[in-house]
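By this note's numbering, the letter at position 167 of the sequence shown is numbered 227, and the numbering carries on one by one without gaps.
As structure tokens, the structure follows; a few thoughts come after it.
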Amino acid sequence: MELAAKIIFEELKEFERHFKQAVKSNVSLLDKIMQFIVKRKGKQLRPMFVLLSAKLGGQINEKSYRAASLVELLHTATLVHDDVVDESLERRGFFSINTLWKNKIAVLVGDYLLSKGLLLSLDNGDFQMLQILSNAIKLMSEGELLQLEKARNLNLKEDVYFEIIKNKTASLLASSCAAGASTTFTDEAEVEKMRTFGEKVGIAFQIKDDLFDYGNEDVGKPTGNDIKEKKLTLPLIYTLNNTSSLTRRKLIYIVKNENTNKEKVKFVINEVQKTGGIEYAKQKMFHYRDEALAVLYTFPDTEVRKGLEELVRYTTDRNY
Numbered sequence: 061m062e063l064a065a066k067i068i069f070e071e072l073k074e075f076e077r078h079f080k081q082a083v084k085s086n087v088s089l090l091d092k093i094m095q096f097i098v099k100r101k102g103k104q105l106r107p108m109f110v111l112l113s114a115k116l117g118g119q120i121n122e123k124s125y126r127a128a129s130l131v132e133l134l135h136t137a138t139l140v141h142d143d144v145v146d147e148s149l150e151r152r153g154f155f156s157i158n159t160l161w162k163n164k165i166a167v168l169v170g171d172y173l174l175s176k177g178l179l180l181s182l183d184n185g186d187f188q189m190l191q192i193l194s195n196a197i198k199l200m201s202e203g204e205l206l207q208l209e210k211a212r213n214l215n216l217k218e219d220v221y222f223e224i225i226k227n228k229t230a231s232l233l234a235s236s237c238a239a240g241a242s243t244t245f246t247d248e249a250e251v252e253k254m255r256t257f258g259e260k261v262g263i264a265f266q267i268k269d270d271l272f273d274y275g276n277e278d279v280g281k282p283t284g285n286d287i288k289e290k291k292l293t294l295p296l297i298y299t300l301n302n303t304s305s306l307t308r309r310k311l312i313y314i315v316k317n318e319n320t321n322k323e324k325v326k327f328v329i330n331e332v333q334k335t336g337g338i339e340y341a342k343q344k345m346f347h348y349r350d351e352a353l354a355v356l357y358t359f360p361d362t363e364v365r366k367g368l369e370e371l372v373r374y375t376t377d378r379n380y
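Here you go:
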């Protein structure tokens, strides 16, 4: 991500100032938690996509910084709520909000971040931006609920899986690119192209996350976390659809009833590798990556476009 970070080095610092300002609170407990959130910043992938999408269309401006801040506010809010739902103890190498301050406070913190995002847009009249991001939140919630519903019977078809990840993961990245583009592009068709670009990248990003669960030479040992959480990911879905009915029943039984048994989980991982589930998922991931790049290549060949291309390749080549 070196080129991408270099192109918007100053703009990222400016974004951080905007974000820090956006989360400030007069309530001491809230302010303390907000400082903790600011300190544990991640890779800032989404703000980078926002700012580079904006820069692709022209000069980054105040509206672009508000778009990046809004995306980060909404993304952080969903992560805080996700940690409560998943009962996660850690996030980005730090204790999660719910671990340090308990669930009730964590839920309210997520609500606070959402409200700050809404106010940031409304106070500045950024209605188009708010519409773009509000739609993403709606889709993310629908995707999460659809996944929970399907996890009960483990009867997930590939098309439903793609609907889930398009809503749950890709919608926010799609909206990040569209929101950034909307601050500099005057042509709505270009903004829509950037939304499509972001969606394709988001799907590839999620498939890469799925692959981490099975491990490879880059990642090290497989974790089996998704199996323990009864999540049907693409490598497993492919395996269930391309194995004998006996093995299929056995795999489903393990995921449903024996998902904490290390040896049984190892059996599932081995079956996925043996049946070609990993290779199939990789092919799909690269397919969506290439579709994203095809959209990107319709824009003029500039340093900013190269920076976005680097980010796209990072999503599929990353080791974590």
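Beta carbons are placed, not taken as given, at the ideal position from N, Cα and C, and that holds for glycine.
Being a predicted model, the structure only gives us computed values, none of them experimental.
Taking the alpha helix (DSSP H) that Asn381 falls in, what are its first and last residues?
An answer regarding residue 381 cannot be provided, because it is not within the stretch 61 to 380 covered by the chain.
Please classify Val40 as buried or exposed, where buried requires at least 16 other C-beta atoms within 10 Å of its C-beta.
Limits of the chain in this structure are 61 at one end and 380 at the other, which puts residue 40 out of reach.
Would Met108 and Ala64 qualify as a contact pair, given that the criterion is a beta-carbon distance under 8 Å?
Taking the first residue of the sequence shown as 1, we reach residue 108 at position 48. Taking the first residue of the sequence shown as 1, we reach residue 64 at position 4. The answer is yes: Cβ separation under 8 Å.
With three or more beta-carbon pairs closer than 8 Å as the criterion, would you say the segment 189-204 touches the segment 61-79?
no
For Pro360, count neighbouring C-beta atoms within 10 Å of its own C-beta (all shown protein chains included) and say buried if the count is 16 or more, exposed if not.
The residue labelled residue 360 in the question sits at position 300 within the sequence shown. Result: exposed.
Can you tell which of Gln207, Asn195, Leu116 has its C-alpha closest to the C-alpha of Leu292?
The sequence position of residue 292 within the sequence shown is 232, counting from 1. Among Gln207, Asn195, Leu116, the Cα nearest to that of Leu292 is on Gln207.
Chain-order list of residues whose beta-carbon lies under 8 Å from that of Arg373 (same chain, five-residue window excluded)
Indexing the sequence shown from 1 puts residue 373 at position 313. The answer, listed in chain order, is Arg349.
Please state whether the Cβ-Cβ distance between Ile267 and Asn319 is less than 8 Å.
In the sequence shown, residue 267 corresponds to position 207, counting from 1. In the sequence shown, residue 319 corresponds to position 259, counting from 1. No, the pair does not count as a contact, with Cβ atoms beyond the cut-off.
Consult DSSP for Lys290 and reduce its assignment to one of helix, strand or coil.
In the sequence shown, the residue the question calls residue 290 occupies position 230. Correct three-state label for Lys290: coil.
Does the distance from the CB of Gly337 to the CB of Thr299 come in under 8 Å?
Position 277 of the sequence shown, counted from the first residue, corresponds to residue 337. Position 239 of the sequence shown, counted from the first residue, corresponds to residue 299. In contact: Gly337 and Thr299 (Cβ atoms closer than 8 Å).
Reduced DSSP secondary structure (H/G/I, E/B, other) of Leu214:
Within the sequence shown, residue 214 is the residue found at index 154, counting from 1. DSSP places Leu214 in coil when its eight states are reduced to three.
The alpha helix (DSSP H) spanning Leu330 covers which residue range?
Within the sequence shown, the letter at position 270 stands for residue 330. What sits at residue 330 in the sequence shown is Asn, not Leu. Unbroken alpha helix (DSSP H) run through Asn330: 322-335.
Would Ser236 and Val110 be called neighbours here (beta carbons separated by less than 8 Å)?
Within the sequence shown, residue 236 is the residue found at index 176, counting from 1. Within the sequence shown, residue 110 is the residue found at index 50, counting from 1. Going by C-beta atoms, Ser236 is nearer than 8 Å to Val110.
Buried or exposed: where does Ala249 fall if 16 or more other Cβ atoms within 10 Å of its Cβ makes it buried?
Working through the sequence shown from its first residue, we reach residue 249 at position 189. Per the 10 Å Cβ criterion, exposed.
For Val315 and Lys334, believed in contact at Cβ under 8 Å, the rounded distance:
Counted from its first residue, the sequence shown places residue 334 at position 274. Counted from its first residue, the sequence shown places residue 315 at position 255. No, Lys334 and Val315 are not in contact; Cβ-Cβ is about 16 Å, not under 8 Å.
Going by alpha carbons, who is nearest to Gly177 out of Leu190, Val220, Phe69?
Taking the sequence shown and counting its residues from 1, the one referred to as residue 177 is at position 117. Of the listed residues, the one whose Cα sits closest to Gly177 is Leu190.
Just how far apart, CA to CA, sit Ala137 and Gly203?
Here residue 137 refers to the residue found at position 77 of the sequence shown. Here residue 203 refers to the residue found at position 143 of the sequence shown. Each residue's alpha carbon lies about 16 Å from the other.
In whole angstroms, what is the alpha-carbon distance linking Leu168 and Asn158?
For the purposes of this step, residue 168 is taken as residue 108 along the sequence shown, with counting starting at 1. For the purposes of this step, residue 158 is taken as residue 98 along the sequence shown, with counting starting at 1. If I take the Cα positions, the gap works out to 10 Å.
Please list, in chain order, all residues of the same chain as Thr303 whose beta carbon is under 8 Å from its beta carbon, the five residues on each side excluded.
Position 243 of the sequence shown, counting from 1, holds the residue named residue 303. Closer than 8 Å at the Cβ level, and outside the excluded window around Thr303, lie Leu311, Glu331, Thr335.
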